[in-house]
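A short write-up of the structure that comes next.
Residue numbers (my numbering), protein chains in the order written: chain D, 98 to 383; chain W, 98 to 383; chain Z, 98 to 383; chain S, 98 to 383; chain F, 98 to 383; chain L, 98 to 383.
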């Protein structure tokens, strides 16, 4: 049982962190278990509202992998992947957009509003926030899959200035107005760079970047950009972690001072990372 | 063939209308054929961008009936209606929201952006724009169906001031954060009142309000609120038109000077109504 | 007879032009027949109000040749010209200023206000908008005739921001506070450059720049700056057109992307030029 | 010879007046000898610039009687008056406007600019500042003579906020856009009321309001509104003074705390009145 | 030892309080032990900086009893009190002002700046923040002692808007410009009312308001205004607590919803009160 | 006796100076006789209020030498000086701060408010306005004496924009939050440079800079920076004048166009210098 005095003490120890992060933008890629497990989900949204109230400007980016596949199956379509990328035909992209922008996104908005925050759900098509061009994977035509070539943040400023937390679904608009499926990690990194954010934070289902993927005790708590690039080149990074490390590197290169890969399975991991001494997961720096 | 001189003449004759509507807000309920037929759809969105450029502030509200039923069927659910209201169980409301906020809404946004406008797609959950409570139809529990009890326009102002056209899907947030299905006509009327709009414009698939539904030549081109109420009471208004007439009355009562029921099947009917002498469809006034 | 549908069509086709010119400043030199013929005059002012309402920022500059000579004659003074420049003694400059700033200028203001615009009439002396130094024509002392050496646009910004259309009489203030007669075409070109306008538009009494002045069918619809300079050097430009071409070149050199010489005798020629595909008169580009 | 110490002393004694008048608007009707005599004219304009620099917001209103008649005669028209009001036919109103707005007005602007102020010359037609309706004098049709029925100060605010001194010629716009001749004293009183000015100041050619018009030593240095009304009713006020007293009463009724009739023949009478203990001329108070 | 998880949990539980107090002004009367004991002092200032960072607007008011008496003694003057009020002759008020505004005040400012806040020290004379008139205690002339009759908050707004925390020494300006000694508790109550603060918080050296002053266990944790007035009337309130209860009543009457008497000897009592469930000391409500 | 006409004349002659100094910042170091002699003190404060009212932005900096020594003696401490610098132990710096920030400063604020100005008293600790590091004099440890290494003017802007005159006591904050005694002349020079002031004005007890200190008739009315540096190097500048000349040089080097050493014993010397032709004392220019 924590006493009142201890509680006050804990709050008081947040002072240097509050000072450091005041008025700064943080791009948070929301995904993994924290997006599926109801109590974790609620804890993340509470934390986001808290960050906003103490003067930080959180911007949420989310994908929605499992929900998409689930809806596809219900509609009788079998999800197919090539090199980890979803093959996205016309029907599929429609489902992707419906699920991401119509279900996952609005669900997050709703939770934030319930905890007293003001949220606005957007997709990358609103205000042409994410403009992408189609990409291939080698010779395979992946269909409506794209990589972001321009980030137009104009729609975010008026919302932020009026106290709204932007929640952004990771779809983009193509050159002919078509919807394109994009990687949520990558675009979070690009957005952090475009906003000159203070931090990019990626919520995942692993403790962080591991020296040896088989042994959790080999967690790398700090890695510089050079090391991260070498790790990628070495092939020792697990497939699921590759886009996350790439996103961090994109952010660092774009002038973001710190990028974090955090274990979203730990409750209130955002608060632990931002307001206590020990931090959590892996921090990447330039 | 229209000559250059005639063209200039036509433009020039728009002057008094431009003057009258400058800086005014118009809530446009978008629905019916204009939402299904591709060329009509494009024409409406062009017109909306044009209205915005000439100094009018359009706000779009849309439902999405046919697309919802279609997706439900694909997912193996049979749409059921009681007194014209969709019975909406938990699975159905999820589909409704996905389709409206994730597909229809973002499609409209995309078209407006293609024609050079800047659009932001919202649902009634963003910024708690539409707060609703559950409603029953007599003794029948309709499930996740609601009627709007509060309209919070705070999220619209910063967007409008920065030149974004709001496109709003007709779902609302309930008192416990749940999504509720609402009538798009009704909420357009309430929104027009909340924004003290200059006009409420409902795009439909009929020529307007008819004295005798069987005879199109009995179009009522102008009706005052009293007459409209009497028509409703008389039971002579076609079922589909009832919510539209009700929405117009809500708007008029809320201080909106004019409400219009227009035939969305006529190309550029918005421009005809707003910028030429003859008008179109039925105009309701207080 | 143009149908409603055709009318809506014509309006709709203005969209790309509205988009292109939105928020842009256009300096319009008003003169010639359009200034004398009552219906033409009214049509121009209607068009100016319309441009303003659709989001363009028109700035009018005018001279007033015929009215000045007429008033001089009434006062018993015989107008004298040297190389097309009015010899301007102390009495004459007083008449020039009275007529331009007191009669022509306020007449234009009045018309714009009648058509629902808000206008403010200025001369180059207000806020020291046009500062000039005296000029000679060869050895001849022309008296109170000057060429503009500084354009102070400070007075225009607050008016424009509050929705007023500036109407400017082409007189300037000299270095000792005296009034100086200046060329309205030239100063329109300088003002367009100072305001970084989108266009300079000169209303004249000819169809445009002609290859062969005797043959209207030799109209040059587009001319680049280099060609325009060569035409001037060739001596083939009619005397009255020389200052107009010079003004266009000044504007182009000052960063204005397009300058136009239009036939002010055609009703609504401003709208034809700006909002239809075919344009009108001669367009000069860098 | 005044010593430096005495000079500093004099300046220092202005402190309480500077404090009282800071940020306040003063409407100054400029007329009479101060408008004809060159040194007096320059002294008034210097004072106006000084008032502006020390934080007062001067607004000048002027007529131009002698210059109008002079120009009329040059043009071969004989001025006619009925009950002190100029009979104003179509030709005459054109001359009135030319002289007031084109000559007198721009001359004042020019002087203020020379002394380092920033001035903008307006007539009552600019921004529909003065809207008048035609008036008759008994049964006599005076032609284009009007009385002001609306004062639209919208054009003055942006100019004042950007540091421009408005100089306003006393002509108005009629209901059909025509120019109307108005009384400069009257409109100065109405403008002072519309602007909720701190003072209305009328510069005249007499020492002030006299108990006995034949004896200057009967100057009334202070008169309340009731006394002023009685004086008017008594018929003892000189004809030329009647509109001035009426203007003062209009201002007082409109909430202006003080109105002054000053002797414009005394150099720097504005500074004497505003910044020294003894004041000058006649002060009217509610 | 508190774990990271527990820490995050504690922070997370502050959410509802952060939400409630966001953007609200809190007037904090700083005094007693918290002003003398170095670690307590530092803890209070840390908390004030933290409040500011999380979006609350703290305004500090302080007296400085012990330091004044100490300095007086050093200067060979013996402090005298009548009914608990300091008899304040000309020499004494000089010492009071020097100590409060020159020593205590700037010491607090310095601490806040050290903890990363931005502070500006003021006295009630700056911007005539506190205007007082002299008061007597029965027949005794207390000298330069006053009660505040006007609170001019104009100086606080620009400082608050630019992120400065105001720190205010409790001296006032008298009607002739003289300095007056005022009661810090009283003026804190008046300031809270003038600012329409969310809370008035008085830091004292007792646990709160006690039913029986001899028994700390009779702490009244909540008291309404009526009860507080009865307690005062009953004579059961300890002398030192009287002005505190009066200040709370002044604040409540002025529209402040809550006033608190807290034990400043408990470290971080501000945080305990504001951000935990149990609160601390006595809360007064209307 | 000065006549009204002469008074108006004197005021009128201030015009060119008002124009030149409008909106400009002037840093005034207030000290010497003008700080001790009651009528002189009042005259200076009147002048400061007047400067503010006519559109100049005065910023006052003051020390308080005699009052500090006097209070030290009352407290039984003997002032000690090394090379003209006060040896400042812990007790002394406390007295210095109390006297400067608590007595002298608030006394000046009070006078300005009495004359109708709005003043805010600050010390160099407020908003960390003056940050200093400790300095030695040769080998002697002077204790809490510092030289300013950073000037943070952020706290001054919001005050100035809301019409408050800043009055600043010359103490600074050291690197560990301690108070440091600084030279008021020096810091006035640094502040003038940091604010890019139009003038630095030092009020002293001598007529100005003298060629031969024994002979007042050798007053140097204008000196350029080079000459001033040579004078300093020559050793012919009186000790008390050295920091003043240094402060002037600091200001000039920092871009301040003019620095003045004025005789504060002359009443209204500020007005004489600023608003009359002859000026006063010594002017230094780059």
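Glycine included, each C-beta is placed from N, C-alpha and C at the ideal position.
Because the structure is a prediction, the values reported are computed rather than measured.
Give the secondary structure of residue i by DSSP, where H, G and I count as helix, E and B as strand, and everything else as coil.
i	result
residue 258 of chain F	helix
residue 319 of chain F	strand
residue 159 of chain Z	strand
residue 180 of chain D	coil
residue 226 of chain S	coil
residue 99 of chain F	coil
residue 360 of chain L	strand
residue 300 of chain F	strand
residue 340 of chain W	helix
residue 212 of chain W	coil
residue 240 of chain L	strand
What do you get for residue i, buried or exposed, if any count of 16 or more other CB atoms within 10 angstroms of its CB means buried?
i	result
residue 287 of chain D	buried
residue 180 of chain L	exposed
residue 170 of chain F	exposed
residue 142 of chain D	buried
residue 380 of chain S	buried
Got a sec? Which residues, its chain only, sit under 6 Å from residue i by beta carbon, not counting five neighbours each side?
i	result
residue 269 of chain W	221, 227, 229, 243, 245, 277 and 279
residue 140 of chain F	364 and 365
residue 351 of chain S	290
residue 310 of chain D	335
Between residue i and residue j, which are expected to be in contact by the criterion C-beta below 8 Å, what is the C-beta distance as a whole number of angstroms?
i	j	result
residue 299 of chain L	residue 306 of chain L	Not quite, the Cβ-Cβ distance comes to about 10 Å (not below 8 Å), so this is no contact.
residue 337 of chain S	residue 359 of chain S	In fact, because the Cβ distance is near 15 Å, the residues do not count as touching under 8 Å.
Among the residues of its own chain, which have a CB less than 8 Å from the CB of residue i, if the five just before and after it don't count?
i	result
residue 210 of chain Z	216
residue 152 of chain W	115, 118, 119 and 120
residue 328 of chain F	306, 320, 334 and 342
residue 384 of chain W	Nothing about residue 384 of chain W can be read from this structure; chain W reaches only from 98 to 383.
Among residues of its own chain, excluding the 5 on either side of residue i, which ones have a beta-carbon nearer than 7 Å to its beta-carbon?
i	result
residue 155 of chain D	123, 125, 145, 148, 149 and 262
residue 213 of chain W	146
residue 295 of chain Z	118, 121, 122, 123 and 354
Problem set entry | Within 8 Å of chain F by C-beta, residues of the region 207-237 of chain L in sequence order | 207, 208, 210, 211, 215, 216, 217, 218, 219, 220, 222, 223, 224 and 225
For this session: Scan the region 339-353 of chain W for residues whose Cβ lies nearer than 8 Å to a Cβ of chain Z and list them as they occur along the chain.
Result: none
For this session: Anything in the region 183-206 of chain F with a Cβ closer than 8 Å to a Cβ of chain L? List those residues in chain order, please.
Result: 191, 194, 195, 196, 197, 198, 199, 200, 202, 203 and 206
Exercise. Going along the region 134-153 of chain L in order, which residues come within less than 8 Å of chain S, judged by CB to CB distance?
Worked result: 140, 143, 144, 146, 147, 150, 151 and 152
Exercise. In the region 284-301 of chain F, which residues sit with their C-beta less than 8 Å from some C-beta in chain D, listed in chain order?
Worked result: none
Problem set entry | chain Z contacts from the region 237-254 of chain W (Cβ-Cβ distance under 8 Å) | none
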